[in-house]
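In the numbering used here, the protein residues as written are 1 to 104. Yeah, the Cβ is synthetic: ideal placement off N, Cα and C, and Gly gets one too. Predicted model, so just to flag it, every value in this text is computed and none were measured.
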């Protein structure tokens with residue numbers, strides 16, 4: 001595997017998402033060089049989050065919601081985000097204009 005693989009770029013981006021901010025799967029894929037690679041970002045998170053200590057909870061879908069289902073990680077992800085100050089609206093959405101990470 002080349003040192004600068006898509007997976008490596010995704011991991012590098014994930015660790016840069018600051019406390020109290022979120023990124024979308026598609027945003028990370030685009031920044032890593034594959035605009036259509038949102039599902040690959042999911043794969044990286046699934047296979048590497050624990051081992052590489054990635055802030056998996058800071059990645060959400062483009063609608064501003066948590067993709068995990070209740071009883072399958074939703075509650076934990078929401079709890080972790082709220083502990084960082086990320087707020088959810090009554091509709092369960094995060095205001096992306098306010099909380100979306102914008103890499104500098």
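When DSSP states are grouped into helix, strand and coil, residue 100 belongs to the strand group. Comparing C-alpha distances from residue 21 to each of 52, 43 and 87 shows the shortest one belongs to 87. Between residue 56 and residue 47, the C-beta gap is not smaller than 8 angstroms, which leaves the two residues out of contact.
The continuous stretches of alpha helix (DSSP H) do not include residue 87, and DSSP gives it neither H nor E.
With respect to the 8 angstroms criterion, residue 60 and residue 94 are classified as neighbours on the basis of their beta carbons.
Residue environment: residue 45 is assigned as buried (16 or more neighbouring CB atoms within 10 Å of its CB, all protein chains considered). A buried status is given to residue 78, since no fewer than 16 other beta-carbon atoms sit within 10 Å of its beta-carbon. Rounded to whole angstroms, the gap between the alpha carbons of residue 99 and residue 85 is 9 angstroms. By the CB criterion at 8 angstroms, residue 52 and residue 11 fall inside the cutoff.
Cβ neighbours of residue 101 within its own chain (closer than 7 angstroms, five residues either side excluded): 17, 18, 21, 22 and 23.
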